[in-house]
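**Q**
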Amino acid sequence: MTLPTSLDSLLKLAARTGERIAPLAAATDAGRDDGHEAYRVLRESGLLALLVPREAGGAGLGFGDYWRVLAELGSHHGAAALGLNMHHVVIGALADAAGTRLPPAAETFRAWMLDEVVRGRKLFASATSEAGRGAKLRGMRTRYRLSDDGTHYILSGTKHFVSLAGAADYYVVAAAADNGDENTGEVSHFVVAADDPGVSFGTAHHMSALYGTSTAPMTLDEVPVPRSRLYLGVEGMSLFKVVREPHWMIAGYTGAYLGIAEALFRHTVDHVTASPARADSPVVQQELGRMSARLRAARALVHEAGDLVTAERGSLEANAMVHAAKYVVGEVGPRLAQDALRLCGSAAVSRSHPLERLIREAQFAHVMPAKPQECLEYLGKAAVGVNLYDARAFAW
Ligand SMILES: Cc1cc2nc3c(=O)[nH]c(=O)nc-3n(C[C@H](O)[C@H](O)[C@H](O)COP(=O)(O)OP(=O)(O)OC[C@H]3O[C@@H](n4cnc5c(N)ncnc54)[C@H](O)[C@@H]3O)c2cc1C
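Residues in the sequence shown are numbered from 84 upward in steps of one, following the numbering used here.
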């Protein structure tokens, strides 16, 4: 199936796909299934190739429009939208380089990975976080070395939180060189296949929500990875890349959490509207008005930040805006959740109503990077003129 390229058609496709996966969300949330069916539907929809350049067979979306599509999906099934974003976290950096001539090894790598997505319908995951260290690149404990015959890298370590565990075909794993010091910033990314020898997954984390992200620990025990699967064919560039262009790593999720906030508002309105006595009450109308104002402010900021990344990717202003958008969405979701609780009462705490799940899901925005304090620190540093292109300026 060829993906449409106009934003309008892609939003309609996302809405249709969202309607197909929405009925799956409750059972997965309750732990009655592993949530993989939603990813099968997403594969089938073609939405894995949203960011792949048009000349390579994808939709060629910029970051701003990608966030819009993700928000549409997130309003139907937040966990699946977050899982889909993990795929795009690792595709995004490649897509950003579209149209740029790269060294031969990087060209070959890019062509292979994009083809795997478009023709192979392969799902990619991002394995960065480690226990006690969050998603910080510096001081990574997962290590790599070159094999004695120089044909492979050998990876060993444990990743704490890996979304799409068992659902994805490939895992893009961050690792530091074996000979680097404890706090090394020389981090590289490697594409590890699900069936590479030495790869195993633990059981999915028991969390208060987002079971549908299928998030589990991943162990790499002397995993041999062919040299051709070194991300973009170059070692030690990951920290440099995230310092210059942090939007994928720290704010990809923002669109999905905006979608969860949209759903909170929509379900609250539906609940209130079902009762004319409540819907006609000026007090209830004011409460809905406050929710609407908060949601519109977050949506406007997310759109402006995303469009700025599309227009001037990696500028200090674009980087500051994505931190601001991530922070504000993380604040607004839980506020709307409280408003929904106040307005809908028992409906908002009943497992039979989607609001109950959405209220739990909205809290997770602040757990995923960048954390709220990190967003604020970045914005404060930008305000006082700290050079944020210097990797030492900020604890990545
Ligand atoms: C549903 C879900 C899916 C996920 N999927 C993925 C995935 O696919 N891939 C992936 O790589 N990761 C994933 N993660 C991990 C996520 O990105 C976070 O990094 C992870 O949750 C670890 O963060 P933490 O809550 O343990 O926070 P920590 O990093 O421990 O932070 C907790 C608090 O401590 C503060 N803190 C941390 N260090 C210090 C310090 N030195 N001094 C002072 N304060 C400090 C932080 O600012 C924060 O307020 C996922 C997480 C969840 C919940």
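Heads up, the beta-carbon is just placed ideally off N, CA and C, and yes, glycines get one too.
Could you check whether the Cβ of R216 sits closer than 8 Å to any heavy atom belonging to ligand 1?
**A** yes
**Q** Tell me whether the beta-carbon of R226 lies closer than 9 Å to the beta-carbon of G268.
**A** no
**Q** With DSSP as the reference, label G217 as helix, strand or coil.
**A** Correct three-state label for G217: strand.
**Q** Tell me the start and end of each unbroken alpha helix (DSSP H) in the segment 186–241 that is at least 4 residues and wholly inside, in chain order.
**A** 187–201
**Q** Taking only heavy atoms of ligand 1 into account, decide whether any of them is closer than 8 Å to the Cβ of V450.
**A** yes
**Q** Looking at the strands, I want to know which residues DSSP matches up with L303.
**A** G240 and V282
**Q** Heavy atom of ligand 1 less than 8 Å from the Cβ of S209, yes or no?
**A** yes
**Q** Consider the C-beta atom of L441 and the heavy atoms of ligand 1; say whether any pair is separated by less than 8 Å.
**A** no
**Q** Using DSSP with H/G/I as helix, E/B as strand and the rest coil, what is V412?
**A** In the structure shown, V412 sits in a helix (DSSP, three-state: H, G or I).
**Q** Only counting runs of 3 or more residues, tell me where the beta strand (DSSP E) segments fall wholly within the segment 298–362, in order along the chain.
**A** 299–309
**Q** Could you pull the start and end residues of the beta strand (DSSP E) that S271 belongs to?
**A** For S271, the enclosing beta strand (DSSP E) begins and ends at V270 to A276.
**Q** Please indicate yes or no: does the CB of L293 lie closer than 8 Å to some heavy atom of ligand 1?
**A** Yes, since a heavy atom of ligand 1 falls inside the 8 Å radius drawn around the Cβ of L293.
**Q** Can you tell me whether Y472 is helix, strand or coil according to DSSP?
**A** coil
**Q** Could you check what DSSP says for A110 in three-state terms: helix, strand or coil?
**A** helix
**Q** Spell out a yes or no on whether the segment 155–165 and the segment 387–395 are touching, meaning 3 or more CB-CB pairs, one atom from each, closer than 8 Å.
**A** no
**Q** Which of the three DSSP states is assigned to V487 in this structure?
**A** What the structure shows of the chain is the stretch from 84 to 479, and residue 487 is not part of that stretch, so it cannot be assessed.
**Q** To the nearest angstrom, report how far apart E102 and A287 are at their CA atoms.
**A** 25 Å
**Q** Less than 9 Å separating the beta-carbons of I343 and A448?
**A** yes
**Q** Does DSSP put V432 in a helix, a strand or coil?
**A** coil
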